[in-house]
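The structure appears right after this line, and notes come after that.
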Amino acid sequence: MHEVWLETMMAGFMSSGEKKEQLFDFAAIFFRHFTWLENELIEIGETYDYDRDMMSIQVEKLSDLLHRIIKKLGALDLQLAGSPDRELAHRISSDIRYITSVMMKMKDERVEAFSRALKYPGVVLSEEATKAFTRFLFEESYKEYELILIYNYLKAHSDDAYLNRIFQILIDESQFHFKSFGNMMAKMGILSVPRIVMRELYQVEDVVQFLKDGIEEELAAKEECRALSEAVGKDSAELAAFFDFINMQEDYHITLMKDALAHYTKKETDV
Amino acid sequence: MGERMDANAQLIEHMMNPQNYGSIENADAQGIGKNPENGEKVLIHLKVKEEAGKPVIEDIKFQAIGCSTTVVAGSIITTEAKGVDFDRAEDIVAFTLGMLDRVPPEEAACSEMVAVALKAAMDVYIQRQIDPDYPVISYKIKNSCEIPEETGDKQ
């Protein structure tokens, strides 16, 4: 389900038609399936991880990727037959059947997301700004994907409502950033699947240290956004404003992580 | 300009399609290159075969906790190392380490991490011919990811 979620996100990035948002909605449903299935594994005491195969998504037509997703969904549907939680399996199967039927009817599109054009529509960026922008997109799209998995794993293994509220907001924020950067990569013709996240990153052993490092990383990310806004600002006020917005959004993350850190530290002191 | 664009195109290619990223089930050896400053690291997995009495890298994969430059370095160096014998792989390590003072510090640290991880994996393989339980070696890098304010020690 992890791969299906990611591939459907990629299909959304590639699409430029009206089905784009529908694909993102389906991806969001698959992500929720992913967490449902994860919780089931935790409940039955089964060990699991977020490992997946490397995925090649470079297709010429959107239908090529959709057919692959449909095939995977079919295989997942079969696997669900053996799931101990019959109600959950039934709900997911029902979603799969509907989504598959819609995907099968989606109008095909020629995909431009891998053109390597390195040009952002409506904007002429200097060579230097293009380089900075390209590097930022590769770096940060992976980072957001990594954060989604880390917070999701922490949330799955926590029964603390206060912390889970924080983790869920952070997941939602990273989903938004991931979606924004993925769309930009597709427009630049450099869409790619983020690399596989190493287990030791999301199977966090020292949450306090992770949060402390995370706050530092968010501060560094703010600086990255500021520098990028400056680099592209001469050529595009629109892009500069977007990166200023992302920069300010990092303040939410820092506040949330500081709250989580205070909560963890208090819990450890109480014990 | 043409060469610069070609180099840029190659970098984009490695960022979009990093080669040999992942792990090898039942690898013969693994090695780690680590940046002690920021916790970034590269893990190399090797599958090795013996040919004419020499170990040859049959398959190689890498995983990284690091930036996209590390992934590009990993993609390039593992592509070079795949299919070669250990002598040639040692040359690749030496060549990489020898050019570090000619590249920007952040790129030097990333390339060094991959090179020393490859060296560590080969050293583990050699040690495991004597002791099959020999543990994974982790070598620390000497280049700093930070832009230095003054010239520091190298290696």
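Protein chains in written order, with the numbering used here: chain B, 304 to 574; chain Z, 636 to 790. Every residue gets a Cβ at the ideal spot worked out from N, C-alpha and C, and that includes glycine.
{"query": "Determine the direct distance from the alpha carbon of residue 556 of chain B to that of residue 509 of chain B, and round the result to whole angstroms.", "result": "19 angstroms"}
{"query": "Nearest-angstrom Cα distance between residue 790 of chain Z and residue 424 of chain B?", "result": "Unreliable placement is indicated for residue 790 of chain Z, whose pLDDT of 34 sits below 50; the coordinate value is still reported in the next sentence. Those two C-alpha atoms are separated by around 46 angstroms."}
{"query": "Roughly how many angstroms lie between the CA atoms of residue 439 of chain B and residue 527 of chain B, to the nearest whole one?", "result": "8 angstroms"}
{"query": "What residues from chain Z crowd round residue 441 of chain B, counting only those whose CB sits closer than 7 angstroms?", "result": "650 and 703"}
{"query": "So, does the CB of residue 773 of chain Z fall closer than 9 angstroms to a CB anywhere in chain B?", "result": "no"}
{"query": "To which residues of the same chain is residue 567 of chain B closer than 8 angstroms at the C-beta, ignoring the five residues directly before and after it?", "result": "466, 510, 511 and 514"}
{"query": "For the alpha helix (DSSP H) containing residue 472 of chain B, name the first residue and the last one.", "result": "464-491"}
{"query": "In three-state DSSP terms, what is residue 575 of chain B?", "result": "There is simply no residue 575 of chain B to check, as chain B begins at 304 and stops at 574 in what is shown."}
{"query": "Does residue 437 of chain B have its Cβ less than 9 angstroms from a Cβ in chain Z?", "result": "yes"}
{"query": "Could you tell me which of B/546, B/451, B/337 and B/516 sits nearest to residue 672 of chain Z, measuring between CA atoms?", "result": "B/516"}
{"query": "Roughly how many angstroms separate the alpha carbons of residue 639 of chain Z and residue 365 of chain B, rounded to a whole number?", "result": "Reliability of the predicted coordinates at residue 639 of chain Z is poor, the pLDDT of 49 falling under 50, and no value is obtained from them."}
{"query": "Is the beta carbon of residue 531 of chain B closer than 9 angstroms to that of residue 546 of chain B?", "result": "yes"}
{"query": "Residues of chain B with CB closer than 7 angstroms to the CB of residue 700 of chain Z, please, in chain order.", "result": "501 and 504"}
{"query": "Once you ignore the five residues that flank residue 340 of chain B on each side, which residues in its own chain have a CB closer than 7 angstroms to its CB?", "result": "304"}
{"query": "Output needed for residue 704 of chain Z: all residues of its chain with C-beta closer than 7 angstroms, excluding positions within five of it in sequence on either side, in chain order.", "result": "741, 742 and 745"}
{"query": "Of all the CB atoms in chain B, is at least one closer than 9 angstroms to the CB of residue 656 of chain Z?", "result": "yes"}
{"query": "I'd like to know whether the C-beta of residue 490 of chain B is nearer than 9 angstroms to at least one C-beta of chain Z.", "result": "no"}
{"query": "Since residue 774 of chain Z sits in a beta bridge, which residues does DSSP pair it with?", "result": "Z/668"}
{"query": "Taking the continuous alpha helix (DSSP H) assigned at residue 722 of chain Z, which residues delimit it?", "result": "721-733"}
{"query": "Does any residue of chain Z have a CB that is nearer than 9 angstroms to the CB of residue 313 of chain B?", "result": "no"}
{"query": "Can you give the Cα-Cα distance for residue 471 of chain B and residue 460 of chain B, rounded to whole angstroms?", "result": "13 angstroms"}
{"query": "Give me the residue from B/560, B/482, B/450 and B/429 with the minimum Cα distance to residue 327 of chain B.", "result": "B/482"}
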